[in-house]
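K.L.:
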Amino acid sequence: MDAFLASLAFLTRIPVPQRNRSYDPKVFSRSIIFFPMVGGIIGLVNGGLYLLLGAFLPVHVMAVLIIVVPIFMSGGIHFDGLLDTCDGIFSGRSRERSLEIMKDSRVGSMGVIAGILDILLRYSILISLPQGILPAIMIAHPVVGRWVM
11 MDAFLASLAF LTRIPVPQRN RSYDPKVFSR SIIFFPMVGG IIGLVNGGLY
61 LLLGAFLPVH VMAVLIIVVP IFMSGGIHFD GLLDTCDGIF SGRSRERSLE
111 IMKDSRVGSM GVIAGILDIL LRYSILISLP QGILPAIMIA HPVVGRWVM
């Protein structure tokens, strides 16, 4: 149970009870097998939201929610990683300086551009997909994403 809770705490912002828990390296190494399950939780929340609100809200509003909910649930860890990576790679600096830029908590112009393009691409894809397959994609996408980590 500790390994599952460690994976939930690591991959999401879902509150996890911390009493008498120490997440030592052994617990974290065992937690990896639960990553797809945590992705399933994120997918079920997002898919459930779509099934509950999709009939009432316009498709464009739902597309924004489908993008934003997983980002907030995960604390934006993957989105932040994309921004940091693009800042470093597109800085045109030496390898060492690029790594320093990636570690910087501030976001540069290339990170902002990458973030905008990422959200626009996600939005465009969601709008162009047949609405009937969205729940399955919303559940499978975070599961597969956490499985390959």
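When we follow the working numbering, the leftmost residue of the sequence shown carries the number 11, and every step to the right adds one. Positions of the beta carbon are idealized from the N, C-alpha and C atoms, including for glycine. Every value quoted in this text rests on a predicted model; they were computed, and no experiment measured them.
Taking only the alpha-carbon atoms, compute the straight-line gap between residue 148 and residue 116 and give it to the nearest angstrom.
P.N.:
Working through the sequence shown from its first residue, we reach residue 148 at position 138. Working through the sequence shown from its first residue, we reach residue 116 at position 106. Their backbone Cα atoms lie some 30 angstroms apart in a straight line.
K.L.:
At the level of alpha carbons, what is the spacing between residue 51 and residue 156?
P.N.:
The residue labelled residue 51 in the question sits at position 41 within the sequence shown. The residue labelled residue 156 in the question sits at position 146 within the sequence shown. Cα to Cα, the separation comes out at about 11 angstroms.
K.L.:
When you compare each of 81, 128, 109 and 150 to residue 24 by their alpha carbons, which one comes out closest?
P.N.:
Here residue 24 is taken as the residue at index 14 of the sequence shown, counted from 1. Of 81, 128, 109 and 150, the smallest CA-CA separation from residue 24 is found for 81.
K.L.:
Out of 21, 14 and 150, state which residue places its alpha-carbon closest to the alpha-carbon of residue 37.
P.N.:
As a working note, residue 37 is residue 27 in the sequence shown. With respect to the C-alpha of residue 37, the residue from 21, 14 and 150 having the closest C-alpha is 14.
K.L.:
Using a threshold of 9 angstroms, state whether the C-beta atoms of residue 100 and residue 125 are closer than that.
P.N.:
By 1-based counting over the sequence shown, the position of residue 100 is 90. By 1-based counting over the sequence shown, the position of residue 125 is 115. Annotated as distal: residue 100 and residue 125, with beta-carbon spacing of 9 angstroms or more.
K.L.:
Relative to the alpha-carbon of residue 123, which residue among 95, 136 and 103 has its alpha-carbon at the smallest distance?
P.N.:
Indexing the sequence shown from 1 puts residue 123 at position 113. Answer by Cα proximity: 95.
K.L.:
Report the CB separation of residue 111 from residue 118 in whole angstroms; it is logged as a contact under 8 angstroms.
P.N.:
For this step, residue 111 is matched to residue 101 along the sequence shown. For this step, residue 118 is matched to residue 108 along the sequence shown. Contact between residue 111 and residue 118 holds, with the beta-carbon distance rounding to 7 angstroms and staying under 8 angstroms.
K.L.:
If we count the other Cβ atoms within 10 Å of its Cβ and call it buried at 16 or more, is residue 152 buried or exposed?
P.N.:
Position 142 of the sequence shown, counted from the first residue, corresponds to residue 152. Buried: at least 16 other Cβ atoms inside 10 Å.
K.L.:
Under the three-state reduction of DSSP, which class applies to residue 83: helix, strand or coil?
P.N.:
Here residue 83 is taken as the residue at index 73 of the sequence shown, counted from 1. It is helical.
K.L.:
CB-CB under 6 angstroms to residue 132, same chain, minus the five flanking residues each way: which ones, in chain order?
P.N.:
For the purposes of this step, residue 132 is taken as the residue at position 122 of the sequence shown. For residue 132, where only same-chain residues beyond five positions count, the Cβ hits under 6 angstroms are 77.
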